[in-house]
Structures are given as C-alpha cells and as structure tokens.
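Going left to right, the sequence shown walks through residues 539 to 796 as our numbering numbers them. Every residue gets a Cβ at the ideal spot worked out from N, C-alpha and C, and that includes glycine.
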Amino acid sequence: MLLAADVGNTNVVFALFEGRQIKARWRIATDPRRTGDEYAVWLLRLLELQGYAKEDIDQIIVGSVVPRSIHNLTVLAQKYFGIEPLIAGQDAAEWGIAIDVDDPRTLGADRALNTIAAHAKYEGDLIVIDFGTATTIDAVDFTGAYKGGIIAPGINLSLDALVGNTAKLPRIAIRKPDDENVIGRNTEDQMLIGVFWGYVALIEGLVERMRRQIGRPAKVVATGGLALLFDEITDLFDEVDSDLTLDGLAMLAERASA
Numbered sequence: 539m540l541l542a543a544d545v546g547n548t549n550v551v552f553a554l555f556e557g558r559q560i561k562a563r564w565r566i567a568t569d570p571r572r573t574g575d576e577y578a579v580w581l582l583r584l585l586e587l588q589g590y591a592k593e594d595i596d597q598i599i600v601g602s603v604v605p606r607s608i609h610n611l612t613v614l615a616q617k618y619f620g621i622e623p624l625i626a627g628q629d630a631a632e633w634g635i636a637i638d639v640d641d642p643r644t645l646g647a648d649r650a651l652n653t654i655a656a657h658a659k660y661e662g663d664l665i666v667i668d669f670g671t672a673t674t675i676d677a678v679d680f681t682g683a684y685k686g687g688i689i690a691p692g693i694n695l696s697l698d699a700l701v702g703n704t705a706k707l708p709r710i711a712i713r714k715p716d717d718e719n720v721i722g723r724n725t726e727d728q729m730l731i732g733v734f735w736g737y738v739a740l741i742e743g744l745v746e747r748m749r750r751q752i753g754r755p756a757k758v759v760a761t762g763g764l765a766l767l768f769d770e771i772t773d774l775f776d777e778v779d780s781d782l783t784l785d786g787l788a789m790l791a792e793r794a795s796a
C-alpha cells in the first residue's frame, strides 16, 4: 500500500492508497517543528485503529508546499517504516509535465499535482481551482501542460485580515448565507455577505477572464476544502474533485515505481 502525505500551509493530509483507491485518511495541523517521532506516535496509532499495520505500507510519497516539513516526514518514513520516501518533484518523482511559465522551479507542489491528476482524469483544456489557505486558479492545456494561473488570498485569510485589522468587527463563521440578500441589516450579516458573495464574485470573474484568454472551451475543476460549499451556489464548476491533489501523489508514485 502507498502512504501519501499532502503538506499544505494549514494541514497535512495523510492518505492510505490501495492502487488508486483511498482506504483511509487522516489530517493534522501543519507544524514544521513537528518531529518524525511525534508524527509516528499519532500516525501509527491511527493506522492500528483502522485495522492496518505499518508493514502494510511499502511506498511513501510526500508532496509539500512547506519545505521545512520534508525533513521530519523523511525521518518518519525511514525510522518507522524502513522506507526511503519519494519527494514529489524530485529525482524519481519528477513532475514529468511541461511547465510553461517564466520560472518552472517556483511552481508549488500542490499545483503541479493538481495538473497531473486533472489532465489524467478530465479531457481538454482545464481550469483548476484549489480552495486552500490561498485560492489558486490554474490553466492546464489539452496536452497536460501547466500554463500559469492566479493566486488569491483564501476566504479564511480574507476574513482573518478583516477581523484582525479592525477594532469592533467580530469573528464569524464562513457559511452559505441564508438567502441571496446583499443588504445586510446587522454587522454579522454584512460581514458574511461581503466575504462570501464577494468571494463568489471573485472566482466567477477571474474564471471568466481566464476563459477569454484561453480562447477555447475549458472545463472547470474545483478542489480543496471549500469547493463543495461554493458548488452549492454557483454553476461555475464542471467537476468537484476533493481528492485531486492526493490522486496526483498516487499517480506520481505509480509512475516512479514503474
């Protein structure tokens, strides 16, 4: 079985694959200071609780946008599983895709993995939206080449900035508003309208501009934690694929072991 670790700025998601099927997954807050021993105490117990043993794992791959985390995850793999992990984008796990931007080295692992998985799963030109700590909107052409994209603050970052830089505005939860009214009658509703519907307008507007620039029909694939929330109120997405980044890791590991 394959153990894949997707390290984002907010969370690390571990997924246990059998072939291309995810059999279990676990999430922990990202902390670059967390040692391999600390990961092991947590992860080995979770494996046991779900009926798996560390001997079931014969391959490990790590994809990370937090470079400082890679060392401790490598220690976890070597010390507790006896496995030299694949690092996405390096050596046997090179991306294997065309990265058509000014400096290909600056492309984040999550965006490269999304490109690999989206091209493998969906046909034609693609626009891939990943709702993470930041929201990224990426163009992938019909050949599977990464053509560039957009980085915007994630909706929670936007809310943090609003609350953190004002004296009286309260912390609110991100949720779908009760209706489509955009004239709020209290502070909390006004904030929710501004953050939520403002974000919908942002992604719809940017995707429309990107479609015009691509000049060909492009399917929109959404992933990340808030994709399902926004899918409820916009018809922008052709596909919602919550496991896109993890699937990219599994495909990269499969290719590396071929």
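Among all the DSSP beta bridges, which residues are the ones paired with Phe669? Thr673, Gly762
Is it buried or exposed, Gln628, if we count other Cβ atoms within 10 angstroms and call 16 or more buried? exposed
Of the residues Ala672, Ala656, Asn694, the one placed nearest Tyr684, counting alpha carbons only: Ala656
Quick one: any contact between the stretch 604–621 and the stretch 784–791, if contact means 3 or more CB pairs under 8 Å? no
May I ask which residues mark the beginning and end of the beta strand (DSSP E) holding Tyr590? That residue, Tyr590, is in no beta strand (DSSP E); it is neither H nor E in DSSP.
I think Leu774 touches Glu726, with their Cβ atoms under 8 Å apart; what is that distance to the nearest whole Å? Not confirmed; about 26 Å, so no contact.
Check each candidate in Ile675, His609, Leu541, Phe669 and name the one with the smallest Cα separation from Arg747. Ile675
For the alpha helix (DSSP H) containing Gln597, list its first residue and its last residue. From DSSP, Gln597 is part of no alpha helix (DSSP H) but of the beta strand (DSSP E) over 597–602.
Select from Thr772, Leu744, Thr548 the residue whose C-alpha is nearest the C-alpha of Ile665. Leu744
Would you give the residue range spanned by the alpha helix (DSSP H) that Gly786 belongs to? 782–794
Beta-carbon separation of Ala760 and Ile667 under 8 Å? yes
Taking the beta carbon of Ile654 as the centre, do at least 16 other beta carbons fall within 10 Å, making it buried, or is it exposed? buried
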